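First up is the structure itself, then whatever we jot down about it.
There are 2 protein chains.
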Amino acid sequence: MSSVDLFEKTLRPRRVYDGKVINLRVDTVKLPNGRVTIREVVEHPGAVAVVPFLKPDVILMIRQYRYPTGEILLEIPAGTLKKGEKPKDCARRELIEETGYKPGEMRKMLGCYLAPGYSSELIHLYKAKKLVQVKKKPEFDEKIQVIQVDLKEALKMIETSEIKDAKTICGILLALGNFSQSYV
Amino acid sequence: MSSVDLFEKTLRPRRVYDGKVINLRVDTVKLPNGRVTIREVVEHPGAVAVVPFLKPDVILMIRQYRYPTGEILLEIPAGTLKKGEKPKDCARRELIEETGYKPGEMRKMLGCYLAPGYSSELIHLYKAKKLVQVKKKPEFDEKIQVIQVDLKEALKMIETSEIKDAKTICGILLALGNFSQSYV
């Protein structure tokens, strides 16, 4: 079976909702086996997340109420790409806005899809160091707490499910590994 | 600042779309600072993903066209919870359907949110071993290739972005760590 046999062809795209962060499309598609079905597609502009190292063994994390989950989650700083914004610029902006720290050095670890079954969102994960404190500028609809977390403690919190956000788990585990010429 | 200060209150929920895998709500909410905004919420029933160990250093992965991303992705087996289905039962079912292997042993690693900014989806990550080959039963709208991947190769593919799916990256890195009384 070649890759070509896996593709699905759009027959009729249908726009259902155009919104603030996301849009929704419900497309009629033809499957490789010839059958027809629908695919629900959340259109998302893409995002960034940053693992900010305050010291070699201490990272900054944020606590934030996540309305869709009904829970306060502990995450690494993250945010959505603005129109035309480069991921690295977005990562720098979000880090400053959410934590009040400016990165002296930032390196991309990787990009990954979060929910490829229904969302186009691709998130770019960065590792930041040489942080310098500046002024925090959260967006009007963001209320966040910034905390400093020992890396060991963060790993424990992944194990105990105090951290239960996929990009945060990916980011922390990747930052600890030998990925992308790890420098910590 | 206490946790209470982070909560957002629903003023008016609005159902925009009720669909096959997801629903969409656009709620008007009151922020902790008293201001009013909207939150877009993709309602999702939850999901599972499984890292299936064929041997101590070989896992099963699947290649599948992911319509919302426009790409063929390499992922661990995964799927959506059916109504009333327990995550562990779902993980077993999806593993059999997608790979044709039945797990002799399965352990939960953790649960995490994939896109908590706009989606309620919580995914449960499992590790499976003692696999026994049975009949593959993909759903009518799934066309997938099953491949065997050396763990070392999988790690390299994370580094080179051949693997670019968050649950897959989380699953593989967690399965390698000392999480949840790792037994491999």
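Residue numbers (the numbering used here), protein chains in the order written: chain A, 1275 to 1458; chain B, 1275 to 1458.
All residues carry an ideal CB built from backbone N, CA and C; glycine is no exception.
As the structure is a prediction and not an experimental result, all values here were calculated from the model.
- For residue 1312 of chain B, which residues from the same chain have a beta carbon less than 8 Å from its beta carbon, with the 5 sequence-adjacent residues on both sides left out? For the purposes of this step, residue 1312 of chain B is taken as residue 38 along the second sequence, with counting starting at 1. So the qualifying residues of the chain are 1300, 1301, 1302 and 1303.
- Message: If we define contact as Cβ-Cβ less than 8 Å, is residue 1453 of chain B a contact residue for chain A?
- Response: Your numbering for residue 1453 of chain B matches position 179 in the second sequence. Interpretation of residue 1453 of chain B is limited by its pLDDT of 45, a score under 50 that renders its predicted location unreliable; the figure taken from the coordinates is listed afterwards. At least one C-beta of chain A is nearer than 8 Å to the C-beta of residue 1453 of chain B.
- Task: Sort A/1309, A/1317, A/1379 and A/1418 by Cα distance to residue 1327 of chain A and report the nearest one.
- Result: Taking the first residue of the first sequence as 1, we reach residue 1327 of chain A at position 53. Nearest to residue 1327 of chain A by C-alpha distance, out of A/1309, A/1317, A/1379 and A/1418, is A/1379.
- Select from the region 1367-1397 of chain B all residues with a C-beta closer than 8 Å to any C-beta belonging to chain A, and list them in chain order. For the region 1367-1397 of chain B, which is checked against every Cβ of chain A, the residues closer than 8 Å are 1384, 1385, 1386, 1387, 1388, 1389, 1390, 1391, 1392, 1393, 1394, 1395, 1396 and 1397.
- Query: What are the residues of the region 1284-1308 of chain B that lie near chain A, defined by any Cβ-Cβ distance shorter than 8 Å?
  - Reply: Hits within the stretch, in order: 1290, 1291, 1293, 1294, 1295, 1296, 1298, 1300, 1301, 1303, 1305, 1306 and 1307.
- Beta carbon proximity, residue 1447 of chain B to chain A, threshold 8 Å: Locating residue 1447 of chain B in the second sequence gives position 173, where the first residue counts as 1. Yes, its Cβ sits closer than 8 Å to a Cβ of chain A.
- Message: If distances are taken between C-alpha atoms only, which option among B/1314, B/1369 and B/1371 comes closest to residue 1286 of chain B?
- Response: Residue mapping note: residue 1286 of chain B aligns to position 12 of the second sequence, counting from 1. The option with the nearest alpha carbon to residue 1286 of chain B is B/1314.
- Message: Does any residue of chain A have a CB that is nearer than 8 Å to the CB of residue 1430 of chain B?
- Response: One-based indexing of the second sequence puts residue 1430 of chain B at position 156. Using beta-carbon distances, residue 1430 of chain B does not count as an interface residue toward chain A, since no partner is under 8 Å.
- Message: If we define contact as Cβ-Cβ less than 8 Å, is residue 1413 of chain A a contact residue for chain B?
- Response: Position 139 of the first sequence holds residue 1413 of chain A. Interface annotation, residue 1413 of chain A: not in contact with chain B, CB-CB separation never under 8 Å.
- How would you call residue 1338 of chain B, buried or exposed, if buried means at least 16 neighbouring beta carbons within 10 angstroms? Within the second sequence, residue 1338 of chain B is the residue found at index 64, counting from 1. Buried.
- Item | Identity of the residue in B/1371, B/1294 and B/1366 nearest residue 1412 of chain B by Cα | Stepping through the second sequence from its first residue, residue 1412 of chain B is reached at position 138. The residue among B/1371, B/1294 and B/1366 with its C-alpha nearest the C-alpha of residue 1412 of chain B is B/1371.
- Quick one: does residue 1282 of chain A have its CB under 8 Å from some CB of chain B? By one-based count along the first sequence, residue 1282 of chain A stands at place 8. So, interface residue.
- Outcome for residue 1344 of chain A when other beta-carbon atoms lying within 10 angstroms are tallied against a minimum of 16: Within the first sequence, the letter at position 70 stands for residue 1344 of chain A. By the 10 Å Cβ count, residue 1344 of chain A comes out exposed.
- Query: Excluding five sequence neighbours on each side, which residues of the same chain lie with their C-beta closer than 6 Å to the C-beta of residue 1445 of chain A?
  - Reply: Sequence index remark: in the first sequence, residue 1445 of chain A carries index 171 (1-based). Contacts found: 1323, 1325, 1350 and 1399.
- Query: Using the rule of at least 16 other Cβ atoms within 10 Å of the residue's Cβ for burial, across every protein chain shown, is residue 1439 of chain B buried or exposed?
  - Reply: Translated into the one-based positions of the second sequence, residue 1439 of chain B becomes position 165. Under a 10 Å Cβ-count criterion, residue 1439 of chain B is classified as buried, with 16 or more other Cβ atoms of the shown protein chains found around its own Cβ.
- Taking all protein chains shown into account, decide if residue 1240 of chain B is buried (16 or more other Cβ within 10 angstroms of its Cβ) or exposed. The requested residue 1240 of chain B is not part of the displayed model; chain B covers only 1275 to 1458.
- Starting from residue 1368 of chain B and walking both ways along the beta strand (DSSP E), at which residues does that stretch end? Taking the second sequence and counting its residues from 1, the one referred to as residue 1368 of chain B is at position 94. For residue 1368 of chain B, there is no enclosing beta strand (DSSP E); the enclosing alpha helix (DSSP H) has its first and last residue at 1361-1373.
- Query: How would you list, in chain order, the residues of chain B whose beta-carbon sits under 8 Å from the beta-carbon of residue 1347 of chain A?
  - Reply: Translated into the one-based positions of the first sequence, residue 1347 of chain A becomes position 73. Ordered by position in chain B, the residues that pass the 8 Å Cβ test against residue 1347 of chain A are 1387 and 1390.
- Query: Taking the alpha-carbon positions, what's the residue 1280 of chain B to residue 1433 of chain A distance?
  - Reply: The count along the second sequence starts at 1 and reaches residue 1280 of chain B at position 6. The count along the first sequence starts at 1 and reaches residue 1433 of chain A at position 159. Distance between the alpha carbons of residue 1280 of chain B and residue 1433 of chain A: 25 Å.
- Query: Under the DSSP definition of a beta bridge, which residues are partnered with residue 1377 of chain A?
  - Reply: Numbered from its first residue, the first sequence carries residue 1377 of chain A at position 103. Paired residues: A/1405.
- Message: Which residues does DSSP list as the beta-bridge partners of residue 1348 of chain A?
- Response: The count along the first sequence starts at 1 and reaches residue 1348 of chain A at position 74. Among the bridge pairs identified by DSSP, residue 1348 of chain A is matched with A/1337.
- Message: Please confirm whether residue 1338 of chain B has its beta-carbon closer than 8 Å to some beta-carbon of chain A.
- Response: The count along the second sequence starts at 1 and reaches residue 1338 of chain B at position 64. The beta carbon of residue 1338 of chain B sits closer than 8 Å to some beta carbon of chain A.
- Please determine, among B/1331, B/1306 and B/1317, the residue with the shortest C-alpha to C-alpha distance to residue 1294 of chain B. Counted from its first residue, the second sequence places residue 1294 of chain B at position 20. Selection B/1331, B/1306 and B/1317 evaluated against residue 1294 of chain B yields B/1317 as nearest (Cα-Cα).
- Query: When the distance is taken between beta carbons, is residue 1348 of chain B closer than 8 Å to residue 1459 of chain B?
  - Reply: No answer is possible for residue 1459 of chain B: it lies beyond the span of chain B, which begins at 1275 and ends at 1458.
- Residue range of the beta strand (DSSP E) that residue 1311 of chain A falls in? Locating residue 1311 of chain A in the first sequence gives position 37, where the first residue counts as 1. Counting along the chain, the beta strand (DSSP E) containing residue 1311 of chain A begins and ends at 1310-1317.
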